[in-house]
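Reviewing the structure listed below.
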DNA sequence: TTGTACGCGTTATCAA
DNA sequence: TTGATAACGCGTACAA
């Protein structure tokens, strides 16, 4: 690399101390006299020392690396989540090696191998292709976020509570029939709670409840077409009745709002709509959409907290055999906008 | 770390080869007999060997790390950009250490120090707080994307061409007056080209051209209020004339569209609108917005390509003194939607 | 308070 | 084709 970089040995030679003393200057400065600290500080300045953490890692075994695997950064939820995860650097000092796995299981497996080769101390997984059982089998602490989490510790939004919040708001708006639009989410995925939470809340409130589970495909266009059909079905099946519609995410909710506005020239009183995520589109919509916000920042912090606990445990002499996975739930928050007050 | 991991020494002992031979198995397998390759392969399997790239780094000096600094991942452009940067792992094998600097200069400086301590081989910078002159002073190849780039190599969208595309489309739509809404972008930032490109294209076409540069502040609400004023001004100053409005980004363009739709119940024939970025909101809008797309994927690839070239050069015996920074421009693409055909 | 000596897990240089 | 030995730059017992 051109000129060799300045090392502890150089500083030691220059200051007539030993390498150990230089090392101590960084890791336990108080064990040196103030005078000598200053000498060393001056020498560092003089020689233009730059620290080399790779060498430190090899010697200490601590990389302070955490691996992150997201499905993509196209969906706002994931990028926002990553943003908040990165922000925990200020608290814990851990650095993040990030991979976007694109929902491809084998690709993600390769990424995990690579991460392990870099001696990551822990892993945060948001993608849902590799089963949690397999994740748990790597000898590294893992915390998952909003995905199947049977064998791993995890942090999720309390999706059931989210479904209930939506049902509650729509009910309060005086809706005669409560409808939930979603895809057929497997029970193992936390987001399934949006369905069950909504249905149960409807039952408790004694309100008519309708489930419309559709395959929204993968692209935007496809989803939009499906939503158009759903809209027509709504118009046909529930004419004149006040419909409270809870849509599984804001992007889909916005499609529905657009459809309604294009047809009726606005949001008729017979519609009330609630989305999920509080993603940008919910407030950018012509009619700002009421929604259920996931506390992304809190989720990220809890996840790093959980991970830190496991990583610390692992550094001890006799680490406990990890015990049962811990699952944390973060309460969602209702955001009232114009589609349902 | 619980059980010590299996090392070359263990494999060597087990197979009665030397550590060197084991190393060769990985880095130059053909220099071993096929027979011995198989023996070693078997031993690796047997003992459950996991590679340790940190040790390799220390010995070889090559980290295959690239540092990335983005302002945030809240804006879609940055997260999409990061997504595409991460995707280049498949081509080049470089891993990415990512920091979100939140537009705080000193924070970003700390992040850069940290990145350098991890012996990154190169850096991709999207945030705009640290001057390119300072970036160039670190002894690491740097490529910037869509930011001030005087002293660094860079890849940017050809913003002037983007402004011209917008002007062209609006002119073709038969607009009588062409208006550009933007903030007062400094000339050093590539995005300034959207202004100059637009203005020059108007002049060439001999069309009336109006610049409305406003301070849109930092939050969404603030920007929305500003856009409301801009809208009122448009209505007042150009009544009855067909207005071709080019807005600096899709989020703002959507605010304008919403304002118009709320006032007029739709998009009157006297308005044509073009945004910039092709971000999700442009097609999620009630009236899907015509826009100028940045070729994010191409930009990311060009950036990594440029960076790779510099990093390779640096590994040679007598690296050229880097010479002048290289600036690449990527052509934008016009996306015709409903607000301007 | 400071120093000695060794280890971390690879790669690189020679020599065989 | 293989091996012995010395780096790589730092941390850490243990000794002084």
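Protein chains in written order, with the numbering used here: chain A, 1 to 341; chain B, 1001 to 1341.
Where is the CB? At the ideal position from N, CA and C, for every residue including glycine.
Bear in mind the structure is a predicted one, so any value in this text is a computation, not a measurement.
Assumed close pair residue i, residue j - CB separation to whole angstroms, cut-off 8 Å
i, j, result
"residue 1357 (chain B)", "residue 1223 (chain B)", "No answer is possible for residue 1357 (chain B): it lies beyond the span of chain B, which begins at 1001 and ends at 1341."
"residue 1301 (chain B)", "residue 1088 (chain B)", "6 Å"
"residue 99 (chain A)", "residue 69 (chain A)", "5 Å"
"residue 81 (chain A)", "residue 296 (chain A)", "6 Å"
"residue 1276 (chain B)", "residue 1250 (chain B)", "6 Å"
"residue 208 (chain A)", "residue 273 (chain A)", "That pair is no contact at about 17 Å."
"residue 18 (chain A)", "residue 12 (chain A)", "6 Å"
"residue 260 (chain A)", "residue 231 (chain A)", "7 Å"
"residue 1190 (chain B)", "residue 1127 (chain B)", "Contact flag wrong, Cβ pair sits at about 14 Å."
DSSP state of residue i mapped onto helix, strand, coil
i, result
"residue 15 (chain A)", "helix"
"residue 1313 (chain B)", "helix"
"residue 1267 (chain B)", "coil"
"residue 305 (chain A)", "helix"
"residue 106 (chain A)", "helix"
"residue 218 (chain A)", "coil"
"residue 191 (chain A)", "coil"
"residue 1072 (chain B)", "coil"
"residue 32 (chain A)", "coil"
"residue 1181 (chain B)", "strand"
"residue 39 (chain A)", "helix"
"residue 202 (chain A)", "helix"
"residue 1002 (chain B)", "Here the model assigns residue 1002 (chain B) a pLDDT of 42, short of 50, so the residue's position is not dependable, and the following value carries that caveat. Coil."
"residue 286 (chain A)", "coil"
"residue 1023 (chain B)", "helix"
"residue 1210 (chain B)", "strand"
"residue 1247 (chain B)", "strand"
"residue 277 (chain A)", "strand"
"residue 1257 (chain B)", "helix"
"residue 88 (chain A)", "coil"
"residue 197 (chain A)", "helix"
"residue 53 (chain A)", "helix"
"residue 1231 (chain B)", "helix"
"residue 1326 (chain B)", "coil"
"residue 65 (chain A)", "strand"
"residue 1007 (chain B)", "coil"
Distance, residue j Cα to residue i Cα
i, j, result
"residue 64 (chain A)", "residue 117 (chain A)", "14 Å"
"residue 1001 (chain B)", "residue 310 (chain A)", "Residue confidence for residue 1001 (chain B) is low, a pLDDT of 38 falling below 50, so the modelled location carries little weight and cannot support an answer."
"residue 1281 (chain B)", "residue 1176 (chain B)", "27 Å"
"residue 1288 (chain B)", "residue 200 (chain A)", "37 Å"
"residue 103 (chain A)", "residue 202 (chain A)", "34 Å"
"residue 1347 (chain B)", "residue 1298 (chain B)", "The question about residue 1347 (chain B) has no answer, for chain B in this structure spans 1001 to 1341."
"residue 1236 (chain B)", "residue 182 (chain A)", "45 Å"
"residue 1149 (chain B)", "residue 1132 (chain B)", "6 Å"
"residue 359 (chain A)", "residue 14 (chain A)", "With chain A running from 1 to 341 in the structure shown, residue 359 (chain A) is simply not present."
"residue 1291 (chain B)", "residue 1278 (chain B)", "6 Å"
"residue 27 (chain A)", "residue 95 (chain A)", "19 Å"
"residue 1153 (chain B)", "residue 1114 (chain B)", "22 Å"
"residue 41 (chain A)", "residue 314 (chain A)", "34 Å"
"residue 20 (chain A)", "residue 1057 (chain B)", "23 Å"
"residue 144 (chain A)", "residue 1325 (chain B)", "43 Å"
"residue 1255 (chain B)", "residue 285 (chain A)", "9 Å"
"residue 1135 (chain B)", "residue 1186 (chain B)", "19 Å"
"residue 1213 (chain B)", "residue 35 (chain A)", "58 Å"
"residue 140 (chain A)", "residue 305 (chain A)", "15 Å"
"residue 1073 (chain B)", "residue 1062 (chain B)", "29 Å"
"residue 122 (chain A)", "residue 1007 (chain B)", "21 Å"
"residue 234 (chain A)", "residue 76 (chain A)", "28 Å"
"residue 294 (chain A)", "residue 109 (chain A)", "28 Å"
Distance cut-off 7 Å: residue i Cβ against heavy atoms of the ligand ZN
i, result
"residue 21 (chain A)", "Within the structure as shown, the ligand ZN is missing, as the structure has no ligands at all."
Handout entry: chain A contacts from the stretch 1114 to 1147 of chain B (Cβ-Cβ distance under 8 Å)
Key = Those would be 1114, 1116, 1117, 1118, 1119, 1139, in chain order.
Exercise for the section: Note down, one range per segment and in chain order, each beta strand (DSSP E) of at least 3 residues found wholly within the stretch 95 to 149 of chain A. Expected result: If one requires a minimum length of 3 residues, the beta strand (DSSP E) runs lying completely within the stretch 95 to 149 of chain A are 95 to 100, 122 to 125, 142 to 145, in chain order.
Problem - Residues, ordered as in the chain, of the stretch 1237 to 1253 of chain B that lie near chain A by beta-carbon distance below 8 Å - result: Taking 8 Å as the Cβ-Cβ cut-off against chain A, the residues of the stretch 1237 to 1253 of chain B that qualify are 1251.
Practice task
Could you list the residues in the stretch 1253 to 1278 of chain B with a C-beta less than 9 Å from some C-beta on chain A, going in chain order?
Solution key: From the stretch 1253 to 1278 of chain B, only 1254, 1255, 1257, 1258, 1261, 1262, 1265, 1266 have a Cβ closer than 9 Å to chain A.
Problem - Chain-ordered residues of the stretch 51 to 69 of chain A with a beta carbon less than 8 Å from chain B - result: For the stretch 51 to 69 of chain A, the set of positions with a beta-carbon nearer than 8 Å to some beta-carbon of chain B reads 51, 52, 53, 54, 55, 57, 58, 61, 63 in chain order.
Problem - Segments of 3+ residues assigned as beta strand (DSSP E) that fall wholly inside the stretch 1149 to 1175 of chain B - result: Within the stretch 1149 to 1175 of chain B, complete beta strand (DSSP E) segments of at least 3 residues are found at 1153 to 1157, given in chain order.
Problem - Short-range partners of chain B found in the stretch 32 to 47 of chain A, where Cβ spacing is below 9 Å - result: For chain B, none of the residues of the stretch 32 to 47 of chain A brings a beta carbon within less than 9 Å of one of its beta carbons.
Exercise for the section: Could you name the residues of the stretch 213 to 238 of chain A whose beta carbon sits closer than 8 Å to any beta carbon of chain B, in the order they occur along the chain? Expected result: Those would be 220, in chain order.
Exercise for the section: Could you run through the stretch 1095 to 1108 of chain B and flag, in chain order, every residue whose CB is less than 7 Å away from some CB of chain A? Expected result: Hits within the stretch, in order: 1095, 1096, 1097, 1098, 1099, 1100.
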